[in-house]
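Working notes for the structure below.
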Amino acid sequence: MSNIKSYFIRGTQWIYRIAALPLLGSISKLRIGSGAGEHQIQVPKGLHWASVDASEVRCEWMIPPDATTDAVLLYLHGGGGVLGLYNSSRKMIGHIALACDLRVLIPDYRLAPEYPFPAGMNDCVVAYRWLLSEGFKPQQIVIAGDSIGGYLTICTLLVLRDNGQPLPAAAVCISPNTDLTCNGKTMQTNALRDALLSPKFARTMASLYVGNHDMSDPHISPLLADLHGLPPILIQAGADEILLDDSRRFSDNALAAGVELTLEIWPHMWHDWHSCVPDLAEANQAIGRIAEFVNKYI
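The opening position of the sequence shown corresponds to residue 22 in our numbering, with each subsequent residue numbered one higher.
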């Protein structure tokens, strides 16, 4: 991160981080501040957008003009399991779709606190099964997600494996949280370095998502799960983000279980820096790496 523009973008992320803290006491205000109520769907130019009902889970298609018809990216959006699918997410997902040149299905999964665990996770699993019912082969599907969407990616893989269902070709996790107890060391050491996510915000979202459920459930705490048999996984995390230790510890566990896993730690980057595409060079570069990884497997 070497130019003035990058430092300006980092500063705008700090503004979002600070502005979110007073809204934590009102989920409705937090959602509005994050983009709820947007009246017009906005996606990057060149993409076809459409709404679809996937076995009663509302989803959205984003389709590049030359995308293949037999492969698909199932993308699970971020937002702590509490915030919805807004244009800010659509922008990033759209750029990923264009980079991968793949159609993308985005579940608008149920949100906490109205629908805590396992509602959102179950919706993601249903969306994957719907793709199978539509004729997509498992080896032509990649699941990806950012922030809690990265977490839901892992959880979806675990549910599918535990139920004996075919797994996708690969998975991508951007800045995932894998420890909803928020006890990773970088939750403290990077507390004043992460430009977007604060420990208080992360802990509040995790608490709302979990509800009254037992944190020892491996589908809530992937760090406690048996990870054998999962497909190849790419994890991208920022060196400055509070969830860095979540990625490190999960990667260690996955590698020990024999999973083919690639962990990329991006210097000077904060939580979910990909959302600053196309203005941030590192966001463009990271998405380019995702496209390389995805196209390697499907």
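Don't be surprised by glycine CBs; every beta carbon is placed ideally from N, CA and C.
In this text the structure is predicted, and so the values were computed from the model without any measurement.
Checklist entry - How is the beta strand (DSSP E) around P128 delimited, first residue to last? => result As a working mapping, residue 128 is identified with position 107 in the sequence shown. Its beta strand (DSSP E) spans residues 124-128.
Q.
According to DSSP, is V280 part of a helix, a strand, or is it coil?
A. In the sequence shown, residue 280 corresponds to position 259, counting from 1. When secondary structure is reduced to three states using DSSP, V280 falls in the coil class, being assigned neither helix nor strand.
**Item:** Host alpha helix (DSSP H) of Q306 (start-end)
**Value:** For the purposes of this step, residue 306 is taken as residue 285 along the sequence shown, with counting starting at 1. Looking at the DSSP string, the run of the alpha helix (DSSP H) that includes Q306 is 302-318.
DSSP on H295, reduced to helix/strand/coil?
Your numbering for residue 295 matches position 274 in the sequence shown. The answer is helix: DSSP assigns H295 an H, G or I state.
- prompt: Just how far apart, CA to CA, sit I241 and V231?
  reply: If you number the sequence shown from 1, residue 241 lands on position 220. If you number the sequence shown from 1, residue 231 lands on position 210. Whole-angstrom Cα-Cα distance: 7 Å.
(Q) Quick check: what's the CA-CA separation for L45 versus K66? (A) Locating residue 45 in the sequence shown gives position 24, where the first residue counts as 1. Locating residue 66 in the sequence shown gives position 45, where the first residue counts as 1. Between L45 and K66, the C-alpha separation is close to 34 Å.
With DSSP as the reference, label M83 as helix, strand or coil.
Sequence index remark: in the sequence shown, residue 83 carries index 62 (1-based). Looking at M83 - three-state DSSP - the assignment turns out to be strand.
Ordered list of beta strand (DSSP E) runs contained in the region 149-235, each at least 3 residues | 162-167, 191-195
If you follow the beta strand (DSSP E) that S72 is in, where does it begin and where does it stop? Taking the sequence shown and counting its residues from 1, the one referred to as residue 72 is at position 51. Element bounds for S72: 69-75.
Bounding residues of the alpha helix (DSSP H) (the contiguous stretch that carries L337):
Not covered by the structure: residue 337. The range shown for the chain is 22 to 319.
Worksheet item: What number of angstroms, rounded off, separates the C-alpha of V78 from the C-alpha of N24?
Response: Locating residue 78 in the sequence shown gives position 57, where the first residue counts as 1. Locating residue 24 in the sequence shown gives position 3, where the first residue counts as 1. Distance between the alpha carbons of V78 and N24: 43 Å.
Worksheet item: How many angstroms separate the CA atom of D238 from the CA atom of L245?
Response: Here residue 238 corresponds to residue number 217 of the sequence shown, with the count starting at 1. Here residue 245 corresponds to residue number 224 of the sequence shown, with the count starting at 1. Spanning the two alpha carbons is a distance of roughly 8 Å.
Strand pairing of L255, partner residues [DSSP]: On the sequence shown, position 234 is the one that residue 255 refers to. DSSP output for L255 lists V193, T283 as bridge partner(s).
6 Å CB neighbourhood of F157 in its chain, flanking five on each side removed:
Numbered from 1 along the sequence shown, position 136 holds the residue referred to as residue 157. The answer, listed in chain order, is V93.
Skipping 5 residues on each side, what residues in its chain have a beta carbon closer than 6 Å to that of V315?
Here residue 315 refers to the residue found at position 294 of the sequence shown. Within the same chain, V315 has close Cβ partners C121, V163.
With DSSP as the reference, identify every bridge partner of V78, one or two as the case may be. As a first step, residue 78 is located in the sequence shown; it is residue number 57 there, counting from the start. V78 is bridged to A75.
Helix, strand or coil at F271 according to DSSP, with G and I counted as helix: The residue given as residue 271 occupies position 250 in the sequence shown. F271: helix per DSSP, three-state reduction.
Exercise. Tell me which same chain residues have a C-beta within less than 6 Å of the C-beta of R124, skipping the five on either side of it?
Worked result: The sequence position of residue 124 within the sequence shown is 103, counting from 1. Cβ neighbours of R124 beyond the five flanking positions: I84, A88, V93.
Classify W35: buried if its beta carbon has 16 or more other beta carbons within 10 angstroms, exposed otherwise. Your numbering for residue 35 matches position 14 in the sequence shown. Burial call: exposed.
Can you give me the C-alpha to C-alpha distance between A275 and S109, rounded to a whole angstrom? Locating residue 275 in the sequence shown gives position 254, counting from the first residue. Locating residue 109 in the sequence shown gives position 88, counting from the first residue. The straight-line gap from Cα to Cα measures roughly 31 Å.
What is the residue span of the alpha helix (DSSP H) that I34 lies within? Taking the first residue of the sequence shown as 1, we reach residue 34 at position 13. The sequence as given places Gln at residue 34; Ile does not occur at that position. First-last of the alpha helix (DSSP H) with Q34: 25-41.
Open item on the list: So for I114, helix, strand or coil by DSSP?
Closed with: For the purposes of this step, residue 114 is taken as residue 93 along the sequence shown, with counting starting at 1. Residue state, collapsed to three classes: helix.
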